[in-house]
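Enquirer: Quick one: the structure is below, and I'll ask about it shortly.
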């Protein structure tokens, strides 16, 4: 503390002294009134958003005797109190103290928002890191799966091509032509080889589409003749199948011709393969307010309710005695779902009340 020419005291350092965590002493080198002090305390605390209870007291510097004290609640309004008279002295110096009884609670309360925000940010960051990790792992798994499929199918293609070439050469031999039994065996080898080759090509196409995506060439297709042509091809392979078509002859859609044909073929082919009696398939169209519904109803085995959500998954096959007799890799409906999604269509499957399932293809306008 330094002395000025007029005898008043001046503090070279800050007059505010932090005595303890919640107790402060402020040295003033002049006399002041407690009402004025309270007014400025309220004003400054409000300006700095210090909204908590506090106690202030005014002391005589010479005797350290408390002259005045008051508890201020954060909800208490400012009032005009009776004027306090202080003793007059030429060199009298006052100081006052402030104590925050609820400082710890107030600090925790005031930082609650930031605690919650920090906690939320940590949770978001953890979720983000986990999501990135999961995506990277799935990408690695997908690449490994695709590489395995490509290697496996190419390894199968070489011996299969040799088998098909050999069977074709055998069919041209006179010894085979003159022997009905050898002709039957050769025909079985050729048919099964072609079937296996078809499955391998399907797997390769799925792997290729997964890597680069489907390339669509949309065009207008009139449904009735288009479906009739596909049904005609299917009837040549399965003569005992009954297929009814109830589609308006003028109904048309915009779709990729090749992939749309594969959708219809896969749906009908599944209905035929998973039927224990003579397959009966009814194809119908219904025009709705927002689009066209193309329905395929069959009399097959149906699908257990627990398996319905997974039938469009890659390599998924419903575990039934019939599925063990039917060849396939569980890629047909996966391909159908992929094409439907690429067209921005919707597909659903539900069990009929009597027998079989109904596959609905919804095509928005």
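In the UniProt record's numbering, the protein residues as written are 1 to 365. The beta-carbon is built from N, C-alpha and C at its ideal position, and this holds for glycine as well.
Thinking C-alpha only, which one of 16, 58, 49 and 51 is nearest residue 35?
Expert: Taking the first residue of the chain shown as position 1, residue 35 is located at position 35. Residue 35 has its Cα closest to that of 58, out of 16, 58, 49 and 51.
Enquirer: Looking at the secondary structure, which residues open and close the alpha helix (DSSP H) in which residue 215 lies?
Expert: For the purposes of this step, residue 215 is taken as the residue at position 215 of the chain shown. From DSSP, residue 215 is part of no alpha helix (DSSP H); its letter is neither H nor E.
Enquirer: Compute the Euclidean distance between the alpha carbons of residue 6 and residue 31, then round it to the nearest angstrom.
Expert: Indexing the chain shown from 1 puts residue 6 at position 6. Indexing the chain shown from 1 puts residue 31 at position 31. Any reading at residue 6 must be qualified, since the residue scores a pLDDT of 47, below 50, and its modelled position is unreliable; no value is offered.
Enquirer: Closest to residue 157 by C-alpha separation, out of 179, 132 and 199, would be which residue?
Expert: As a working note, residue 157 is residue 157 in the chain shown. Per the Cα distances, 199.
Enquirer: Enumerate in chain order the residues of its own chain whose CB-to-CB distance from residue 249 is below 7 Å, with the five nearest sequence positions on each side excluded.
Expert: On the chain shown, position 249 is the one that residue 249 refers to. Same-chain partners within the cutoff: 224.
Enquirer: Using the DSSP secondary-structure output, state which residues sit across from residue 155 in a beta bridge.
Expert: Taking the chain shown and counting its residues from 1, the one referred to as residue 155 is at position 155. According to DSSP, which records beta bridges pairwise, residue 155 is partnered with nothing at all.
Enquirer: Could you have a look at residue 69 and say whether DSSP puts it in helix, strand or coil?
Expert: Against the chain shown, residue 69 aligns to sequence position 69. Strand.
Enquirer: Do residue 267 and residue 359 count as a contact pair if the criterion is CB distance below 7 Å?
Expert: In the chain shown, the residue the question calls residue 359 occupies position 359. In the chain shown, the residue the question calls residue 267 occupies position 267. In this structure, residue 267 lies closer than 7 Å to residue 359 by Cβ.
Enquirer: Using CA coordinates, which residue listed in 294, 206 and 60 is at the minimum distance from residue 142?
Expert: Numbered from 1 along the chain shown, position 142 holds the residue referred to as residue 142. The shortest Cα separation from residue 142 among 294, 206 and 60 belongs to 206.
Enquirer: What does DSSP give as the partner residue(s) for residue 94 in the beta ladder?
Expert: As a working note, residue 94 is residue 94 in the chain shown. Partner(s): 60.
Enquirer: Give the straight-line distance between the Cα atoms of residue 38 and residue 113, rounded to the nearest whole angstrom.
Expert: Indexing the chain shown from 1 puts residue 38 at position 38. Indexing the chain shown from 1 puts residue 113 at position 113. If I take the Cα positions, the gap works out to 30 Å.
Enquirer: In the DSSP assignment, find the unbroken beta strand (DSSP E) run with residue 286 in it and report its ends.
Expert: Within the chain shown, numbered from 1, the residue matching residue 286 stands at position 286. Taken as a continuous stretch (DSSP letters only), the beta strand (DSSP E) holding residue 286 covers 280 to 287.
Enquirer: Would you call residue 264 buried or exposed, if buried means 16 or more other Cβ atoms sit within 10 Å of its Cβ?
Expert: Position 264 of the chain shown holds residue 264. By the neighbour-count rule (16 or more Cβ atoms within 10 Å), residue 264 is buried.
Enquirer: Let's see if you can read the secondary structure: which residues bound the beta strand (DSSP E) around residue 350?
Expert: Residue mapping note: residue 350 aligns to position 350 of the chain shown, counting from 1. Where residue 350 is concerned, the enclosing beta strand (DSSP E) stretches over 346 to 351.
Enquirer: Applying the 10 Å Cβ sphere with the 16-neighbour rule, what's the burial state of residue 62?
Expert: Reading the chain shown from its first residue, position 62 is the one you call residue 62. Per the 10 Å Cβ criterion, exposed.
Enquirer: Hey, quick one: how far does the alpha helix (DSSP H) through residue 41 stretch, first residue to last?
Expert: Numbered from its first residue, the chain shown carries residue 41 at position 41. 34 to 47 is the extent of the alpha helix (DSSP H) around residue 41.
Enquirer: Mapping DSSP to helix, strand and coil, what is residue 355?
Expert: Along the chain shown, read from residue 1 onward, the residue named residue 355 stands at position 355. Note: residue 355 maps to coil in three-state DSSP.
Enquirer: Residue 148 to residue 253, Cα distance in whole Å?
Expert: Reading the chain shown from its first residue, position 148 is the one you call residue 148. Reading the chain shown from its first residue, position 253 is the one you call residue 253. Whole-angstrom Cα-Cα distance: 38 Å.
Enquirer: With DSSP as the reference, please indicate the residues paired to residue 243 in a beta bridge.
Expert: As a working mapping, residue 243 is identified with position 243 in the chain shown. 281.
Enquirer: Leaving aside the five residues before and after residue 217 along the sequence, list all residues of the same chain whose C-beta is less than 6 Å from its C-beta, in chain order.
Expert: Within the chain shown, the letter at position 217 stands for residue 217. Contacts found: 256.
Enquirer: Going by C-alpha to C-alpha distance, which of 64, 231, 167 and 335 sits closest to residue 201?
Expert: Translated into the one-based positions of the chain shown, residue 201 becomes position 201. Among 64, 231, 167 and 335, the Cα nearest to that of residue 201 belongs to 335.
Enquirer: What are the residues that DSSP puts in a beta bridge with residue 252?
Expert: Position 252 of the chain shown, counted from the start, is the residue given in the question as residue 252. Beta-bridge pairing links residue 252 to 222.
Enquirer: Closest to residue 246 by CA distance: which of 285, 130 and 319 is it?
Expert: Here residue 246 refers to the residue found at position 246 of the chain shown. Per the Cα distances, 285.
Enquirer: From residue 150 to residue 340, what distance separates their C-alpha atoms?
Expert: On the chain shown, position 150 is the one that residue 150 refers to. On the chain shown, position 340 is the one that residue 340 refers to. Taking the straight line from one Cα to the other gives about 24 Å.
Enquirer: Can you find the residues in the same chain that come closer than 6 Å, C-beta to C-beta, to residue 355, ignoring five residues on each side of it along the sequence?
Expert: Within the chain shown, the letter at position 355 stands for residue 355. Within the same chain, residue 355 has close Cβ partners 299.
Enquirer: With DSSP run on the structure shown, which of helix, strand or coil describes residue 341?
Expert: Start at 1 with the first residue of the chain shown, and residue 341 comes out as number 341. Helix at residue 341.
Enquirer: Could you give the DSSP three-state label for residue 18: helix, strand or coil?
Expert: Start at 1 with the first residue of the chain shown, and residue 18 comes out as number 18. Residue state, collapsed to three classes: strand.
Enquirer: From the DSSP output, in three-state form, read off residue 28 for me.
Expert: One-based indexing of the chain shown puts residue 28 at position 28. Coil, per DSSP.
Enquirer: Please report the straight-line C-alpha distance between residue 240 and residue 275, rounded to a whole angstrom.
Expert: Mapped onto the chain shown, residue 240 falls at position 240. Mapped onto the chain shown, residue 275 falls at position 275. Going from the Cα of residue 240 to the Cα of residue 275 covers about 12 Å.
Enquirer: Would you mind sorting residue 186 into buried or exposed? The rule is 16 or more other CB atoms within 10 Å of its CB.
Expert: On the chain shown, residue 186 is found 186 positions in, with the first residue counted as 1. It counts as buried.
Enquirer: Between the C-alpha atoms of residue 303 and residue 139, what's the straight-line distance to the nearest angstrom?
Expert: For the purposes of this step, residue 303 is taken as residue 303 along the chain shown, with counting starting at 1. For the purposes of this step, residue 139 is taken as residue 139 along the chain shown, with counting starting at 1. Roughly 31 Å between the two C-alpha positions.
Enquirer: Have a look at residue 222 and residue 228 and give me their C-alpha separation to the nearest angstrom.
Expert: Counted from its first residue, the chain shown places residue 222 at position 222. Counted from its first residue, the chain shown places residue 228 at position 228. In a straight line, the C-alpha of residue 222 is about 11 Å away from that of residue 228.
Enquirer: Below 7 Å CB to CB, which residues in the same chain sit around residue 261 once its five sequence neighbours on both sides are set aside?
Expert: What you label residue 261 is simply residue 261 of the chain shown in a count that begins at 1. Closer than 7 Å at the Cβ level, and outside the excluded window around residue 261, lie 230.
Enquirer: On the criterion of 16 or more Cβ atoms from any shown chain inside 10 Å, does residue 1 qualify as buried, or is it exposed?
Expert: Taking the chain shown and counting its residues from 1, the one referred to as residue 1 is at position 1. Bear in mind that the predicted position of residue 1 carries a pLDDT of just 43, short of 50, making it unreliable; the figure below should be weighed with that in mind. That one is exposed.
Enquirer: Keeping to the same chain, check which residues put their C-beta closer than 7 Å to that of residue 308; ignore five residues upstream and five downstream.
Expert: Translated into positions along the chain shown, residue 308 becomes position 308. Once the five neighbours on either side are set aside, the close Cβ partners of residue 308 are 349.
Enquirer: Please identify the residue among 345, 301, 76 and 117 whose C-alpha is closest to the C-alpha of residue 278.
Expert: Your numbering for residue 278 matches position 278 in the chain shown. Ranking the options by Cα distance to residue 278, first place goes to 301.
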